[in-house]
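Per our numbering, residue 3 is the first one in the sequence shown, and the count goes up by one each step. Heads up, the beta-carbon is just placed ideally off N, CA and C, and yes, glycines get one too. For reference, the structure is listed below as structure tokens.
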Amino acid sequence: MPIRLTLPPTFRDRIEAADRPLAGMWVCSGSPLVAEICAGGGLDWLLIDGEHSPIGLETTTALLQAVAPYPVTPVVRAPSGDPVVLKQLLDLGAQNVLVPMVDTAEQAHDAVRAVRYPPRGIRGVGSALSRGARWNRVESYLADADRHVSLFVQVESVTGVENAARIAGVDGVDGVFVGPSDLAASMGVLGQQTHPAVTAAVHRTFEAVRDVGKPVGVNAFDPAVAQAYLDAGASFVLVGADVALLARGAEALADRWTAGPQAGTAG
3 MPIRLTLPPT
13 FRDRIEAADR
23 PLAGMWVCSG
33 SPLVAEICAG
43 GGLDWLLIDG
53 EHSPIGLETT
63 TALLQAVAPY
73 PVTPVVRAPS
83 GDPVVLKQLL
93 DLGAQNVLVP
103 MVDTAEQAHD
113 AVRAVRYPPR
123 GIRGVGSALS
133 RGARWNRVES
143 YLADADRHVS
153 LFVQVESVTG
163 VENAARIAGV
173 DGVDGVFVGP
183 SDLAASMGVL
193 GQQTHPAVTA
203 AVHRTFEAVR
213 DVGKPVGVNA
223 FDPAVAQAYL
233 DAGASFVLVG
243 ADVALLARGA
253 EALADRWTAG
263 PQAGTAG
């Protein structure tokens, strides 16, 4: 007889059960080894980025397998809201998906339909063939599929901020993640994520999303900025990235060992 498996809690469940905001980091390198190191670091969640990285479907599978033994919740950011890609991500085992560049409630509704089986959605049925259902070893996976999947959408434009309440209010959207980088670009201040106008727009989004009873999160690598957003009501936050940590760490080594009069001297 095959064993019966239970899937871990979704990111939605983790947020609802938490007594504090959840802190996480980006996984962008595509390395399962790096992802595993990050998974054991003690953070609450990891964002596997399929939008601004070389991470594709096969790599996403390997990354999810690498972090699975650890008490961390992986969220996979899709490259877009394409229903075919979302179907593939769910089938390979991504329980928690983040859809970028959502500007309207209609786009949010389309994302919801993409992650739900008929009659409430359009997700294709392939559970017997997929890691998502552990090859039909998760009992009643099809009947309980909505419980096993959480959907978050990303607001990162002026239009998205204006529609934030309507986006968050779509049934099936479990939370909203604000992207200050693209929001700054949309507002004409490219590269200025902490510009006062951008910060004000993030706060407006927070208020709109929280007013409809949904959790809201944000990206903020600067500790002071992250803390300010947490104080403003963020339920989840990304505070670093694997590639950024490696880059800054390598630079710090170089500054210590290749600069100044002692550089290159033999001991």
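Count the other CB atoms, across all protein chains shown, that sit within 10 Å of the CB of residue i; report buried if there are 16 or more and exposed otherwise.
{"i": "I5", "result": "exposed"}
{"i": "E158", "result": "buried"}
{"i": "A166", "result": "buried"}
{"i": "S31", "result": "buried"}
{"i": "S237", "result": "buried"}
{"i": "P217", "result": "buried"}
{"i": "I17", "result": "buried"}
{"i": "A261", "result": "exposed"}
{"i": "T8", "result": "exposed"}
Hey, could you find the ends of the alpha helix (DSSP H) residue i is sitting in?
{"i": "I17", "result": "13-19"}
{"i": "P225", "result": "225-233"}
{"i": "V87", "result": "85-94"}
Do residue i and residue j have their C-beta atoms within less than 7 Å of each other?
{"i": "L154", "j": "G190", "result": "Checking the sequence shown, residue 154 turns out to be Phe, not Leu. Going by C-beta atoms, F154 is not nearer than 7 Å to G190."}
{"i": "L49", "j": "V77", "result": "yes"}
{"i": "V214", "j": "A170", "result": "yes"}
{"i": "G126", "j": "A80", "result": "no"}
{"i": "L88", "j": "V117", "result": "yes"}
{"i": "V101", "j": "G83", "result": "yes"}
{"i": "Q45", "j": "G58", "result": "Looking at the sequence itself, residue 45 is Leu, so the reference to Gln does not match. No; because the gap between Cβ atoms is not below 7 Å, this pair is not in contact."}
{"i": "V163", "j": "A199", "result": "no"}
{"i": "V69", "j": "A110", "result": "no"}
{"i": "F179", "j": "N98", "result": "no"}
{"i": "A96", "j": "V74", "result": "no"}
Per DSSP, what kind of secondary structure is residue i in: helix, strand or coil?
{"i": "L255", "result": "helix"}
{"i": "T62", "result": "helix"}
{"i": "L45", "result": "coil"}
{"i": "T75", "result": "strand"}
{"i": "D218", "result": "Before going on, a small fix: residue 218 reads as Val here, not Asp. Here V218 sits in strand by DSSP."}
{"i": "L144", "result": "coil"}
{"i": "I57", "result": "coil"}
{"i": "V151", "result": "coil"}
{"i": "L131", "result": "helix"}
{"i": "L35", "result": "helix"}
{"i": "L247", "result": "helix"}
Starting from residue i, trace the beta strand (DSSP E) both ways and give me its first and last residue.
{"i": "L100", "result": "98-101"}
{"i": "A107", "result": "Here A107 belongs to no beta strand (DSSP E); instead the alpha helix (DSSP H) covers 107-116."}
{"i": "I124", "result": "Segment: none, I124 is in no beta strand (DSSP E) and carries neither H nor E."}
{"i": "A243", "result": "238-243"}
{"i": "L24", "result": "24-29"}
What alpha helix (DSSP H) runs, 4 residues minimum, are completely inside the segment 158-213? 160-164, 166-170, 182-188, 198-213
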